[in-house]
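Undergrad:
Protein chains: 2
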Amino acid sequence: MIGDRLQIGLAGLGTVGTGVYEALLRNRSLLEARAQISYEVRRIAVRDLGKPREVALEPGVLTDDWRDLVEDEKIDIIIELIGGTREAHELVLAALKAGKPVVTGNKALLAEHGSELFRLSQERGVPLYFEASCGGGIPIVQSLQTSLICNRVDSIVGIINGTSNYILTAMEKKGLPFHEALEEARMLGYAEADPTLDINGWDAAHKALILAMLAYGTPLSPDKVAVRGIESIDPVDIQFAQQLGYTIKLLVVIKRHANQKALELRVQPSFVPQTHLLSKVEGVFNAIAVSGDIVGETIFYGRGAGKNPTTSAVLGDVVLAMRECRLPDYHTGFHPYAEAMRVLPAQETVTPYYVRFRVKDCHGVIAAISALFARYDIGISAITSRDGADDEEGKHWNYLVFMLYECNFGQLESSLAEIQRLGTVLGEPMVLSIERMGMND
Amino acid sequence: MIGDRLQIGLAGLGTVGTGVYEALLRNRSLLEARAQISYEVRRIAVRDLGKPREVALEPGVLTDDWRDLVEDEKIDIIIELIGGTREAHELVLAALKAGKPVVTGNKALLAEHGSELFRLSQERGVPLYFEASCGGGIPIVQSLQTSLICNRVDSIVGIINGTSNYILTAMEKKGLPFHEALEEARMLGYAEADPTLDINGWDAAHKALILAMLAYGTPLSPDKVAVRGIESIDPVDIQFAQQLGYTIKLLVVIKRHANQKALELRVQPSFVPQTHLLSKVEGVFNAIAVSGDIVGETIFYGRGAGKNPTTSAVLGDVVLAMRECRLPDYHTGFHPYAEAMRVLPAQETVTPYYVRFRVKDCHGVIAAISALFARYDIGISAITSRDGADDEEGKHWNYLVFMLYECNFGQLESSLAEIQRLGTVLGEPMVLSIERMGMND
Chain A
2 MIGDRLQIGL AGLGTVGTGV YEALLRNRSL LEARAQISYE VRRIAVRDLG
52 KPREVALEPG VLTDDWRDLV EDEKIDIIIE LIGGTREAHE LVLAALKAGK
102 PVVTGNKALL AEHGSELFRL SQERGVPLYF EASCGGGIPI VQSLQTSLIC
152 NRVDSIVGII NGTSNYILTA MEKKGLPFHE ALEEARMLGY AEADPTLDIN
202 GWDAAHKALI LAMLAYGTPL SPDKVAVRGI ESIDPVDIQF AQQLGYTIKL
252 LVVIKRHANQ KALELRVQPS FVPQTHLLSK VEGVFNAIAV SGDIVGETIF
302 YGRGAGKNPT TSAVLGDVVL AMRECRLPDY HTGFHPYAEA MRVLPAQETV
352 TPYYVRFRVK DCHGVIAAIS ALFARYDIGI SAITSRDGAD DEEGKHWNYL
402 VFMLYECNFG QLESSLAEIQ RLGTVLGEPM VLSIERMGMN D
Chain B
2 MIGDRLQIGL AGLGTVGTGV YEALLRNRSL LEARAQISYE VRRIAVRDLG
52 KPREVALEPG VLTDDWRDLV EDEKIDIIIE LIGGTREAHE LVLAALKAGK
102 PVVTGNKALL AEHGSELFRL SQERGVPLYF EASCGGGIPI VQSLQTSLIC
152 NRVDSIVGII NGTSNYILTA MEKKGLPFHE ALEEARMLGY AEADPTLDIN
202 GWDAAHKALI LAMLAYGTPL SPDKVAVRGI ESIDPVDIQF AQQLGYTIKL
252 LVVIKRHANQ KALELRVQPS FVPQTHLLSK VEGVFNAIAV SGDIVGETIF
302 YGRGAGKNPT TSAVLGDVVL AMRECRLPDY HTGFHPYAEA MRVLPAQETV
352 TPYYVRFRVK DCHGVIAAIS ALFARYDIGI SAITSRDGAD DEEGKHWNYL
402 VFMLYECNFG QLESSLAEIQ RLGTVLGEPM VLSIERMGMN D
């Protein structure tokens with residue numbers, strides 16, 4: 002039973018942990034009124050007891066062993082903000098097994114171990130809250146769990162990595178090449194010292210896995226997602242996109258194919274029509290479009306990362322946990338309505354495509370490539386080209402772009418392998434899917 | 002106590018009522034899995050028992066007296082979709098008094114009687130759910146109640162009337178005058194036979210009142226809102242807006258002025274910067290921007306009306322009610338954190354303004370008007386003009402636009418009264434507030 006004051010154990014006092022602790026103190030009267038219970042932060046687990054802290058702490062509140070939180074019988078709920086996956090995994094497992102509800106924002110943890118943790122939470126009837134793991138302050142998790150719950154989710158398409166969106170926006174608006182845009186993001190604090198997971202798509206892929214597990218009640222693991230990053234996007238692709246009426250965004254695409262009992266799950270830079278609201282999402286902002294069978298399309302927009310938005314999401318969950326943990330056997334947590342679904346292999350996904358080649362400046366190039374696409378039954382909706390440059394031997398080459406009608410990705414790959422053998426194409430082509438999204442109709 | 006199957010009473014079988022009933026049957030397995038309870042629609046109250054229905058109904062399920070729902074001891078929750086305010090008011094009062102949780106989408110009811118009904122719900126501990134009353138399928142109510150709950154809401158700015166947004170979009174994109182755009186909306190089913198409340202701003206004002214009561218825990222009544230509709234917007238204003246970098250939208254503006262302990266609450270056509278996402282919301286779509294002290298700005302976008310989006314919102318609440326009504330003394334309903342706040346009189350609101358005059362074609366007009374603005378301490382940021390036409394006497398007049406820096410609306414009104422007396426201004430000027438909204442920064 003919960004005492005008069007709910008006792009919180011906080012694991013982690015980094016940027017977000019500090020934000021959460023500060024807000025728990027600063028907005029106490031508001032939070033207690035709205036949660037209808039008073040609370041106390043009983044213990045805080047940190048890695049280094051000696052490290053100077055931005056916040057004033059009562060003596061004895063700190064510990065350098067998270068087990069002290071799990072084993073403290075007085076602690077009612079645990080907020081996990083230590084990051085990483087190894088220790089966080091142990092911590093969340095131990096907390097759920099000890100019957101303590103957990104609030105976490107750890108997307109890598111849930112992407113890797115979500116299937117196990119959600120199952121454990123379900124079996125033990127101990128809630129696991131994870132609003133902060135996807136989309137920062139955007140209330141996507143709770144909305145899928147409550148307001149939109151009567152819907153079968155047809156698709157979730159979103160921009161859920163702020164760093165890569167900042168880079169793509171800077172490339173488009175300022176004409177910067179990728180590395181300069183990344184440098185700018187780093188200087189402004191929008192990219193971490195090691196931005197690998199942001200630009201190679203894996204940060205977005207972690208969030209995609211969580212959203213897909215939530216929306217479809219299906220256990221999933223990272224090997225199921227087709228992931229491509231934005232590292233190889235060239236300014237010329239940004240320019241072609243604009244000229245053709247599109248904006249390039251790193252998109253997460255989760256789609257249910259009911260007739261195939263399959264789920265499409267991919268993260269890749271894509272062409273978004275300039276008429277769609279997602280194309281207008283700039284800088285570090287995130288946006289997630291959810292299409293439900295009843296509600297149609299709804300879009301959630303906001304800051305996808307950073308101390309404050311993430312703090313807001315964590316505290317939303319904390320209030321929910323405070324309300325719900327007075328009620329045994331009750332939580333709004335993870336309510337799967339599982340449909341047995343396989344994940345569509347990348348080769349089977351079907352979209353229209355943008356394919357940009359660098360080709361030798363000679364006659365018959367368009368004819369030869371077009372003939373090969375035709376042989377693979379791939380329709381061409383438009384062709385455009387642009388002057389390129391001279392190679393080291395002084396021979397000229399040009400950019401050549403094909404806009405293709407919907408085709409199977411496996412088919413496209415086969416056709417491109419043959420096109421490469423023509424000998425008129427230089428290097429690898431740039432292949433970007435074109436997302437068809439209905440709105441404002 | 003709730004039995005094995007939760008018993009639902011549905012009042013109203015119009016468009017939304019039918020949608021809700023159909024979805025309760027069609028998505029039963031999904032809803033029961035997610036709500037973790039099975040259910041039955043026990044009685045449906047309608048006005049006319051003899052009217053042909055789109056849905057097949059078991060004999061005896063219909064009644065033409067809503068009291069049969071309230072008085073039936075077996076009925077656990079009531080969905081109110083009869084519309085109007087008189088009978089709906091009686092029904093909701095009676096249901097709450099009978100201890101039956103109510104789900105409603107009735108915005109006029111809550112705008113007029115919300116203060117009373119929310120208080121009763123609170124006093125009796127019987128939840129009143131109202132997601133469908135604001136923004137159709139957009140989960141704004143539940144998000145304010147849960148995910149965003151740790152925030153003090155700084156402002157809510159939104160487009161929450163689809164009909165007027167359709168009309169303004171058609172005026173802008175197709176160059177139609179107001180009445181032709183309204184006719185088009187009517188033909189497409191986007192405007193009702195009597196569209197008065199949509200175009201005079203009162204439908205939006207009802208929703209604004211509900212959002213303000215929810216966000217600030219303050220009882221409010223319709224006389225507190227400053228409301229203007231879109232009837233008098235001229236195509237020339239749409240054109241000036243575009244030229245100056247804005248789009249005209251019917252905006253709901255709710256702002257907290259902490260230092261004045263006051264709430265700003267107005268509904269009016271306004272200039273929205275083309276750089277802000279709200280300016281891109283077209284046609285019948287709605288969007289609501291919420292700024293919280295912790296989360297920053299988040300935007301919710303989707304279909305704000307219509308059978309399906311409203312059905313989605315009603316059913317989200319029904320699932321919440323199903324989950325929560327097994328738990329006495331528990332609900333996520335209306336958790337006020339009231340701050341004593343007065344509503345700012347319209348005269349005290351401060352924004353920059355667009356003022357468009359029709360002026361006689363003679364010398365010294367700009368000088369005279371500028372001098373009067375200066376006398377009232379109102380700064381001018383830009384002046385632009387456009388050729389007008391000849392009046393009946395063959396005398397020429399022109400359009401003259403002043404873009405004003407932030408000023409008090411009362412001050413502006415006084416200056417305009419004096420300007421009218423100059424004798425060079427024809428008719429009433431068009432005055433539109435310019436909304437400053439931060440985003441993508």
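Sequence lines, in order, name chains A and B. Taken in order, the first sequence gives residues 2 to 442; the numbers are from our numbering. Taken in order, the second sequence gives residues 2 to 442; the numbers are from our numbering. No residue lacks a Cβ here, since even glycine has one placed at the ideal position from N, Cα and C.
1. State the CB to CB distance for the pair residue 82/A and residue 137/A, rounded to an integer number of angstroms; the pair is presumed to be in contact (CB under 8 Å).
2. Once you ignore the five residues that flank residue 167/B on each side, which residues in its own chain have a CB closer than 7 Å to its CB?
3. Please return the same chain residues whose Cβ sits closer than 7 Å to the Cβ of residue 1/B, not counting the five positions on each side in sequence.
4. Taking 8 Å as the threshold (C-beta atoms), are residue 427/B and residue 361/B in contact?
5. Taking beta-carbon pairs under 7 Å, can you tell me which members of the segment 269 to 303 of chain B lie near chain A?
6. Could you work out which residues of chain E lie near residue 140/A, taking near to mean beta carbons separated by less than 8 Å?
7. Taking only three categories from DSSP, how would you classify residue 96/A?
8. Between residue 312/A and chain B, is any beta-carbon pair separated by less than 8 Å?
9. What does the alpha-carbon distance come out to for the pair residue 387/A and residue 180/A?
10. Using a Cβ cut-off of 9 Å, which residues of the segment 312 to 326 of chain B contact any Cβ in chain A, in chain order?
11. Anyone know if the C-beta pair for residue 188/B and residue 236/B falls short of 8 Å?
12. Report yes or no: is there a C-beta of chain A within less than 8 Å of the C-beta of residue 31/B?
13. Report the neighbours of residue 166/A on chain B: residues whose CB is nearer than 9 Å to its CB, in chain order.
14. According to a CB-to-CB cut-off of less than 7 Å, which residues of the segment 13 to 28 of chain B neighbour chain A?
15. Return the CA-CA distance between residue 309/A and residue 301/A, expressed in angstroms with no decimal places.
16. When you check each C-beta in the segment 120 to 132 of chain B against every C-beta of chain A, which residues fall closer than 8 Å?
17. Name the chain A residues that come within less than 8 Å of residue 153/B, Cβ to Cβ?
18. So which of 291/A, 313/A, 394/A and 176/A has the shortest CA-CA distance to residue 27/A?
19. Please compile the residues from chain B whose C-beta is within a distance smaller than 9 Å of the C-beta of residue 107/A.
20. By the 10 Å Cβ neighbour count, where 16 or more other Cβ atoms means buried, how is residue 262/B classified, buried or exposed?
21. Do you know offhand how far residue 33/A's Cα is from residue 39/A's?
22. By the 10 Å Cβ neighbour count, where 16 or more other Cβ atoms means buried, how is residue 394/A classified, buried or exposed?
23. Residue 222/A and residue 436/A: beta carbons closer than 8 Å?
24. Determine, for residue 260/A, whether the minimum Cβ-Cβ distance to residues of chain B falls below 8 Å.
25. If you draw a straight line from the C-alpha of residue 134/B to the C-alpha of residue 79/B, how long is it?
26. Helix or strand or just coil, what does DSSP make of residue 416/A?
27. Can you tell me whether residue 447/B is helix, strand or coil according to DSSP?
28. With 8 Å set as the bound, which would you pick, yes or no: does the beta-carbon of residue 309/A sit closer than that to a beta-carbon of chain B?
29. Where residue 103/B and residue 63/B are concerned, what is the direct C-alpha to C-alpha distance, given to the nearest angstrom?
30. Excluding the five sequence neighbours on either side, which residues of its own chain have a C-beta within less than 6 Å of the C-beta of residue 253/B, listed in chain order?
31. Would the beta-carbon of residue 231/B fall within 8 Å of that of residue 145/B?
32. Assign residue 364/B to one of two classes, buried (16 or more other C-beta atoms within 10 Å of its C-beta) or exposed (fewer than that).
33. Compare the beta carbon distance of residue 147/B and residue 196/B with 8 Å and say whether it is the shorter of the two.
34. What residue from 45/A, 23/A and 66/A has the CA that sits closest to residue 55/A's CA?
35. State yes or no: is the C-beta of residue 177/B within less than 8 Å of the C-beta of residue 200/B?
TA: Quick answer:
1. Translated into positions along the first sequence, residue 82/A becomes position 81. Translated into positions along the first sequence, residue 137/A becomes position 136. Actually they are not in contact, since the Cβ atoms of residue 82/A and residue 137/A sit about 14 Å apart, beyond 8 Å.
2. Translated into positions along the second sequence, residue 167/B becomes position 166. Here the set comprises 186, 191, 284 and 285.
3. This structure cannot settle anything about residue 1/B, because the visible part of chain B is limited to 2 through 442.
4. For the purposes of this step, residue 361/B is identified with residue 360 of the second sequence, where counting begins at 1. For the purposes of this step, residue 427/B is identified with residue 426 of the second sequence, where counting begins at 1. Yes, Cβ-Cβ distance for residue 361/B and residue 427/B is below 8 Å.
5. Cβ contacts with chain A come from 278, 281, 283, 284, 286, 293, 295, 296, 297, 298, 299, 300, 301, 302 and 303.
6. Any reference to chain E falls outside this structure, whose protein chains are A and B.
7. Within the first sequence, the letter at position 95 stands for residue 96/A. Collapsing the DSSP output to three states places residue 96/A in a helix.
8. The residue given as residue 312/A occupies position 311 in the first sequence. It does; some Cβ of chain B falls within 8 Å.
9. The sequence position of residue 387/A within the first sequence is 386, counting from 1. The sequence position of residue 180/A within the first sequence is 179, counting from 1. Here the alpha carbons of residue 180/A and residue 387/A stand approximately 23 Å from one another.
10. Residues 312, 313, 314, 315, 316, 317, 318, 319, 320, 321, 324 and 325.
11. For the purposes of this step, residue 188/B is taken as residue 187 along the second sequence, with counting starting at 1. For the purposes of this step, residue 236/B is taken as residue 235 along the second sequence, with counting starting at 1. No; because the gap between Cβ atoms is not below 8 Å, this pair is not in contact.
12. As a working note, residue 31/B is residue 30 in the second sequence. Yes - at least one Cβ of chain A is within 8 Å of the one on residue 31/B.
13. For the purposes of this step, residue 166/A is identified with residue 165 of the first sequence, where counting begins at 1. The premise fails here: residue 166/A is roughly 11 Å from chain B at the closest Cβ pair, so nothing lies under 9 Å.
14. So the close ones are 24 and 28.
15. Numbered from 1 along the first sequence, position 308 holds the residue referred to as residue 309/A. Numbered from 1 along the first sequence, position 300 holds the residue referred to as residue 301/A. The alpha-carbon of residue 309/A is positioned some 17 Å away from that of residue 301/A.
16. Taking 8 Å as the upper bound on Cβ-Cβ separation, chain A lies near residues 132 of the segment 120 to 132 of chain B.
17. Working through the second sequence from its first residue, we reach residue 153/B at position 152. Under the 8 Å cutoff, chain A gives 28 and 31.
18. Mapped onto the first sequence, residue 27/A falls at position 26. For the residues 291/A, 313/A, 394/A and 176/A, the minimum Cα distance to residue 27/A belongs to 313/A.
19. Taking the first residue of the first sequence as 1, we reach residue 107/A at position 106. Per Cβ cutoff of 9 Å: no residues; residue 107/A is ~18 Å from chain B at best.
20. Residue mapping note: residue 262/B aligns to position 261 of the second sequence, counting from 1. Taking a 10 Å sphere around the C-beta of residue 262/B, we find fewer than 16 other C-beta atoms and assign the residue as exposed.
21. Taking the first sequence and counting its residues from 1, one reaches residue 33/A at position 32. Taking the first sequence and counting its residues from 1, one reaches residue 39/A at position 38. Whole-angstrom Cα-Cα distance: 5 Å.
22. Taking the first sequence and counting its residues from 1, one reaches residue 394/A at position 393. By the 10 Å Cβ count, residue 394/A comes out exposed.
23. Your numbering for residue 222/A matches position 221 in the first sequence. Your numbering for residue 436/A matches position 435 in the first sequence. Not closer than 8 Å, so no.
24. In the first sequence, the residue the question calls residue 260/A occupies position 259. So, not an interface residue.
25. Working through the second sequence from its first residue, we reach residue 134/B at position 133. Working through the second sequence from its first residue, we reach residue 79/B at position 78. Residue 134/B and residue 79/B: Cα-Cα distance of roughly 16 Å.
26. Reading the first sequence from its first residue, position 415 is the one you call residue 416/A. Here residue 416/A sits in helix by DSSP.
27. No answer is possible for residue 447/B: it lies beyond the span of chain B, which begins at 2 and ends at 442.
28. Translated into the one-based positions of the first sequence, residue 309/A becomes position 308. Answer yes: the Cβ-Cβ gap between residue 309/A and chain B drops below 8 Å somewhere.
29. Counted from its first residue, the second sequence places residue 103/B at position 102. Counted from its first residue, the second sequence places residue 63/B at position 62. When rounded, the distance between both Cα atoms is 19 Å.
30. What you label residue 253/B is simply residue 252 of the second sequence in a count that begins at 1. Here the set comprises 159, 161, 205, 209 and 268.
31. For this step, residue 231/B is matched to residue 230 along the second sequence. For this step, residue 145/B is matched to residue 144 along the second sequence. No Cβ-Cβ contact shorter than 8 Å links residue 231/B with residue 145/B.
32. By 1-based counting over the second sequence, the position of residue 364/B is 363. By the 16-neighbour rule on beta-carbons within 10 angstroms, residue 364/B is exposed.
33. The residue labelled residue 147/B in the question sits at position 146 within the second sequence. The residue labelled residue 196/B in the question sits at position 195 within the second sequence. Going by C-beta atoms, residue 147/B is not nearer than 8 Å to residue 196/B.
34. Numbered from 1 along the first sequence, position 54 holds the residue referred to as residue 55/A. Ranking 45/A, 23/A and 66/A by Cα distance to residue 55/A puts 23/A first.
35. Taking the second sequence and counting its residues from 1, one reaches residue 177/B at position 176. Taking the second sequence and counting its residues from 1, one reaches residue 200/B at position 199. Not a contact, by the Cβ cut-off of 8 Å.
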